[in-house]
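Undergrad:
2 protein chains.
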Amino acid sequence: MNTKKTYAIGVDLGATTVKAGVVTKSGFIPDQLSVDSKAKKGPAVVLQQIIFTIQEIFGKYNPSECLGIGIGTPGVVSITDSTVQHPPNFTDWAKVDVAKQIRNKFKIPVYIENDANCAAIAEARFGAGIEFKDFLFVIWGTGIGGGVILDRKIYRGPYGGAGEIGHVSIDYNGRLCNCGNYGCIESYVGQRYLSQRTKEILLATPKDNIQTKIEKLVDGDLNLLDPEIISQAAEEGDPIAIGVLEEAGTLLGYALSSILNVLDLRVVVIGGGVSAAPAFVYDAIIKSLRSRILKPHKEGVRVIRAKLGNTAGIIGAASLVL
Amino acid sequence: MNTKKTYAIGVDLGATTVKAGVVTKSGFIPDQLSVDSKAKKGPAVVLQQIIFTIQEIFGKYNPSECLGIGIGTPGVVSITDSTVQHPPNFTDWAKVDVAKQIRNKFKIPVYIENDANCAAIAEARFGAGIEFKDFLFVIWGTGIGGGVILDRKIYRGPYGGAGEIGHVSIDYNGRLCNCGNYGCIESYVGQRYLSQRTKEILLATPKDNIQTKIEKLVDGDLNLLDPEIISQAAEEGDPIAIGVLEEAGTLLGYALSSILNVLDLRVVVIGGGVSAAPAFVYDAIIKSLRSRILKPHKEGVRVIRAKLGNTAGIIGAASLVL
């Protein structure tokens with residue numbers, strides 16, 4: 117088959133699943149699979165899971181036609197030795213040379229990069245960022261991650277740890293973040309917090325035996341709340357859901373204004389699970405960003421939705437090879 | 117004279133004065149002068165003042181031995197056409213092509229760069245940053261400016277406006293900044309605010325007819341307060357002066373942690389008028405920075421004092437040529 121002639125494998129390692137896909141030079145994914153990453157069982161087991169996905173692909177696609185393997189991973193990927201350091205939610209993982217071990221196993225080129233950076237690269241090459249030379253990519257999901265695209269390339273920073281925009285503090289006396297800092301934007305707009313905040317407001321709202329739209333969507337079980345449901349309720353006009361998402365967008369805009377002032381960027385591309393939120397959330401982000409950014413930086417400021425959805429990780433990882 | 121054989125002219129344009137110096141290849145300044153910049157009289161007059169300083173130098177040093185002229189200026193220097201846009205505190209100045217006009221006048225190479233970037237370049241080549249490939253330069257004076265040095269070069273950003281670290285907000289509900297944003301670090305630790313805050317505390321402190329050290333230094337006239345006097349009082353053990361400076365250092369550290377998380381830098385070099393503050397202020401900065409920065413970024417974090425003082429602007433401007 118023609119599409120098989122030159123392909124790369126993109127591996128998207130997450131704390132829950134390993135996703136791997138066959139990726140063509142035009143960024144198309146003819147085939148992909150997903151397995152449990154077994155992150156709590158230590159690096160050796162995780163590596164075995166990655167190897168399994170690649171072997172599955174090589175069972176169907178000719179290994180000699182594979183250009184190489186790209187891996188996207190949480191944590192910091194060291195700029196000096198490409199080791200993966202301290203990925204959050206992975207047990208017993210200080211520093212592991214994932215790329216080297218996969219290379220030793222399959223004897224083909226293996227490249228590795230931080231997962232947010234991979235998604236940024238994918239959007240730059242094949243997605244919403246294709247028309248922009250420079251932009252800030254935001255992953256808005258459980259946490260907030262980022263990737264800085266400068267002159268169509270990822271800015272990795274001197275140590276490989278650049279773009280940690282989730283840990284820009286918007287209030288030095290604010291909420292305690294998992295990272296130990298106070299007021300990190302992640303602790304205000306991350307997925308878990310959005311659900312928790314919605315729940316709190318619902319519980320504090322006087323009951324008159326009428327379920328709100330959002331309560332109907334979860335059949336009264338507020339532990340089922342997630343950003344998708346909150347977004348759906350907002351689309352249906354639920355004022356609490358609208359309020360929570362609008363507030364989150366406004367706060368995210370505040371953080372973005374500080375970041376763009378430092379980096380001199382004008383375009384923000386938002387991906388990740390929460391990026392599917394309704395258009396009014398984007399309006400809130402851009403409104404607060406434009407109200408706070410320095411005047412000389414204001415011209416041309418745009419906030420747009422990513423295009424590749426949850427395939428960005430696989431495509432970006434494969435792009436390291438392509 | 118040997119030092120004359122190859123020299124550049126560095127011009128440091130400020131809202132108060134134009135400083136110009138003869139700068140040798142080793143970053144030495146054998147001669148310099150300073151005139152009123154007449155910033156309130158419009159661009160034509162300011163340009164005339166710059167031309168005057170250069171003519172003064174050419175009266176003493178052979179123009180044919182001059183390699184070129186470098187100019188450091190407030191405001192954004194456009195990356196596309198090198199015009200100087202909206203320098204704060206300059207009257208009737210939207211967009212002026214300073215470099216072109218000086219080039220037309222003297223028929224030698226003229227380069228122009230933002231003043232904070234010039235000072236960062238000077239510290240990178242000849243000052244405190246000489247041993248660091250990558251660092252954040254901070255100008256701590258009336259305002260807070262910054263320059264990002266990556267791989268020994270200045271990061272100008274896609275539009276020439278990078279490094280505006282003074283407008284990183286540490287509190288989205290905080291103090292109103294001159295720029296229109298709330299909580300900008302500049303509005304908490306800028307020179308004017310430090311004096312104002314010291315004055316407020318002194319006025320609110322119960323009097324028992326004993327002058328504090330700081331009041332003695334200004335002979336009771338609190339309008340004379342400035343960071344130099346506050347620093348001197350702190351050195352002499354004045355608790356109010358110590359408190360104000362320590363708080364400023366702590367808040368600056370908070371802002372720096374957000375910035376270093378995004379840029380992946382480990383070294384901060386602080387210049388500008390307030391950088392002469394006592395060592396305990398640096399201790400406060402580094403303590404708060406280390407307490408807030410992401411763990412993977414913490415190793416090797418350093419905050420050091422700039423070395424070139426107020427000659428950094430002239431040297432950095434000349435470095436554009438050298």
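Residue numbers (this note's numbering), protein chains in the order written: chain R, 117 to 438; chain G, 117 to 438. Ideal placement from N, C-alpha and C gives every residue a C-beta, glycine not left out.
Indicate the three-state DSSP secondary structure (helix, strand or coil) for R/TYR288 in the structure shown.
TA: Of the three classes helix, strand and coil, the one that applies to R/TYR288 here is coil, per DSSP.
Undergrad: Going by DSSP, what residues sit across from R/GLY261 in a beta bridge?
TA: Looking at the DSSP assignment, R/GLY261 forms a beta bridge with R/ILE255.
Undergrad: When you compare each of G/GLU302, G/ILE358, G/TYR309 and G/SER303 to G/LYS329 by their alpha carbons, which one comes out closest?
TA: For G/LYS329, the nearest C-alpha among the options comes from G/ILE358.
Undergrad: May I have a chain-ordered list of the alpha helix (DSSP H) segments no shorter than 4 residues that lie completely inside the segment 183 to 264 of chain R?
TA: Taking only runs of at least 4 residues, the alpha helix (DSSP H) segments lying wholly in the segment 183 to 264 of chain R are 214 to 222 and 231 to 242.
Undergrad: Give the straight-line distance between the Cα atoms of G/ILE420 and R/VAL384, rounded to the nearest whole angstrom.
TA: Answer to the nearest angstrom: the Cα atoms are 33 Å apart.
Undergrad: By the three-class DSSP mapping on this structure, what secondary structure does R/GLY369 have?
TA: Helix, per DSSP.
Undergrad: Could you have a look at G/ASN118 and say whether DSSP puts it in helix, strand or coil?
TA: Reliability fails at G/ASN118, whose pLDDT of 48 lies under 50, so the model's placement of it is uncertain and the value that follows must be treated cautiously. Correct three-state label for G/ASN118: helix.
Undergrad: At 7 Å on the CB atoms, spell out the chain R contacts of G/ARG291, in chain order.
TA: Ordered by position in chain R, no residue passes the 7 Å Cβ test against G/ARG291, which lies about 12 Å from the chain.
Undergrad: Three or more beta-carbon pairs under 8 Å between the segment 359 to 371 of chain G and the segment 302 to 315 of chain G, yes or no?
TA: Output reads yes: the segment 302 to 315 of chain G touches the segment 359 to 371 of chain G.
Undergrad: Quick one: residues in its chain with C-beta nearer than 6 Å to the C-beta of G/SER404, no 5 flanking neighbours on either side, listed in chain order?
TA: Hits under 6 Å: THR366, GLY369 and TYR370.
Undergrad: Check whether the Cβ atoms of R/HIS283 and G/ASN377 sit closer than 8 Å, and answer yes or no.
TA: A contact, by the Cβ cut-off of 8 Å.
Undergrad: Exposed or buried, which one is G/ASP250 when buried takes at least 16 other CB atoms within 10 Å?
TA: Buried: at least 16 other Cβ atoms inside 10 Å.
Undergrad: Based on the DSSP secondary-structure assignment, which residues constitute the bridge partners of G/ILE125?
TA: Paired residue(s): G/VAL138 and G/ILE185.
Undergrad: Using a Cβ-Cβ distance under 8 Å, would R/VAL284 count as near chain G?
TA: True, the Cβ-Cβ gap to chain G drops below 8 Å.
Undergrad: Can you name the start and end residues of the alpha helix (DSSP H) that G/TYR309 belongs to?
TA: Taken as a continuous stretch (DSSP letters only), the alpha helix (DSSP H) holding G/TYR309 covers 307 to 320.
Undergrad: Contact defined as beta carbons within less than 8 Å: I believe G/GLN165 pairs with G/LYS154. What is the distance between those atoms, to the nearest angstrom?
TA: About 6 Å; that satisfies the 8 Å criterion.
Undergrad: Any idea what DSSP makes of G/SER150, helix, strand or coil?
TA: If DSSP states are grouped into helix, strand and coil, G/SER150 belongs with the strands.
Undergrad: Classify G/LEU333 as helix, strand or coil using the three-state DSSP reduction.
TA: It is helical.
Undergrad: I'd like the span of the beta strand (DSSP E) that includes R/TYR271, first residue to last.
TA: Run containing R/TYR271: 269 to 271, per the beta strand (DSSP E) assignment.
Undergrad: Quick one, which residues of the segment 264 to 281 of chain G are near chain R if we go by CB-CB under 9 Å, in chain order?
TA: Flagged, chain order: VAL264, LEU266, ASP267, TYR271, ARG272, GLY273, PRO274, TYR275, GLY276, GLY277, ALA278, GLY279, GLU280 and ILE281.
Undergrad: How would you write the range of the beta strand (DSSP E) that R/ILE386 sits in, first residue to last?
TA: Segment 383 to 387, the beta strand (DSSP E) holding R/ILE386.
Undergrad: On the DSSP bridge list, what partners appear for G/ILE420?
TA: Its beta-bridge partners are G/VAL385.
Undergrad: Just to confirm my understanding: we take G/ILE401, look at its own chain, exclude 5 residues before and 5 after, and list those with CB closer than 6 Å. What are they?
TA: Taken in chain order, the residues that qualify are GLY365, LEU368, GLY369 and VAL419.
Undergrad: Ignore the nearest five residues each way along the sequence and tell me which others in R/GLU172's own chain have a CB closer than 8 Å to its CB.
TA: Closer than 8 Å at the Cβ level, and outside the excluded window around R/GLU172, lie ALA136 and LEU149.
Undergrad: Return no unless some Cβ of chain R is closer than 8 Å to the Cβ of G/ARG313.
TA: Output row for G/ARG313: interface = no.
Undergrad: Check whether the Cβ of G/ASN205 lies closer than 8 Å to any Cβ atom in chain R.
TA: No - not a single Cβ of chain R is within 8 Å of the one on G/ASN205.
Undergrad: Between R/GLY276 and R/ILE195, which are expected to be in contact by the criterion C-beta below 8 Å, what is the C-beta distance as a whole number of angstroms?
TA: The Cβ separation is near 4 Å, so the contact holds.
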